[in-house]
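Numbering (the numbering used here), first residue to last: -3 to 256.
Quick look at the structure:
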């Protein structure tokens, strides 16, 4: 087993969440075992290298790439990440935030259709913005991808609808200080722990002690960006990049499931 490969404990949890193994398939050429392919995808996640550079010990690079793309399009990685999150998430309160991801030249492609690939121009150049909703311990629950120029508050509606359990409070920075968001949280009976903007005429108070825990979601972004395929976007397609994000999220959650 190489550094970064799935341990026996991690594989025992993960294999039950993946599509069928070769022994359950019908006649025809038997595909490579899932574990070897997953380890090959994890290698690319960590290194951000071209798929052709995946070490041969994990199997044929094209087989690994095609499995990753097929499962990304089918939403397998997202289902795995969400399933693990639902088992362990602490819904006492949620945090919402975003991080900007610079796009590599290999992800840029042609200018036409960049909005469909969730790419855009911002101060950082050609970027995407990864929005996240995290649990009380800063562990990721749901993601939303937009162009890098999108305002943080634009992703609120997409993210707040995803979790099954309603939190007691939502922690967010001033980028989410909007009357529409505060009214929606009040309607959902969720406390808004959001500092008011400096240009507000009427000062809005918030729970300052609870707000300090928002740094956990920022640390989580730093942990995910240890993976070079997330720190820099190399994938042209939005669902491929999100597939990498969800796979990194599943790996992140596995250590908590194993500890429990």
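Glycine included, C-beta positions come from ideal geometry on N, C-alpha and C.
Cβ pair residue i, residue j closer than 8 Å
i: residue 189; j: residue 220; result: no
i: residue 90; j: residue 163; result: yes
i: residue 122; j: residue 151; result: no
i: residue 141; j: residue 237; result: yes
i: residue 31; j: residue 225; result: no
i: residue 97; j: residue 229; result: yes
i: residue 212; j: residue 133; result: yes
i: residue 93; j: residue 38; result: no
i: residue 78; j: residue 15; result: no
Pick from the options that is closest to residue i, judged by C-alpha positions
i: residue 155; options: 147, 137, 84 and 171; result: 137
i: residue 159; options: 173, 145 and 128; result: 128
i: residue 80; options: 11, 152, 164 and 212; result: 11
i: residue 195; options: 76, 237, 171 and 73; result: 171
i: residue 29; options: 44, 73 and 53; result: 53
i: residue 113; options: 70, 193 and 234; result: 234
i: residue 131; options: 161, 181, 47 and 149; result: 161
i: residue 311; options: 149, 135 and 203; result: In the structure as shown, the chain begins at -3 and stops at 256. Residue 311 is therefore absent and cannot be evaluated.
i: residue 58; options: 184, 187, 47 and 66; result: 47
i: residue 174; options: 165, 184, 69 and 200; result: 200
i: residue 244; options: 70, 56, 76 and 182; result: 76
8 Å contact criterion, which residue i and residue j should meet: CB distance rounded
i: residue 252; j: residue 84; result: 5 Å
i: residue 116; j: residue 146; result: 7 Å
i: residue 50; j: residue 34; result: Contact flag wrong, Cβ pair sits at about 12 Å.
i: residue 144; j: residue 118; result: 4 Å
Classification of residue i by the beta-carbon crowding that lies within 10 angstroms, buried from 16 upward
i: residue 223; result: buried
i: residue 205; result: exposed
i: residue 247; result: buried
i: residue 250; result: buried
i: residue 241; result: buried
i: residue 74; result: buried
i: residue 179; result: exposed
i: residue 165; result: buried
i: residue 13; result: exposed
i: residue -2; result: exposed
Runs of alpha helix (DSSP H) lying entirely within the region 44 to 105, each at least 4 residues, in chain order | 57 to 70, 72 to 84 and 101 to 104
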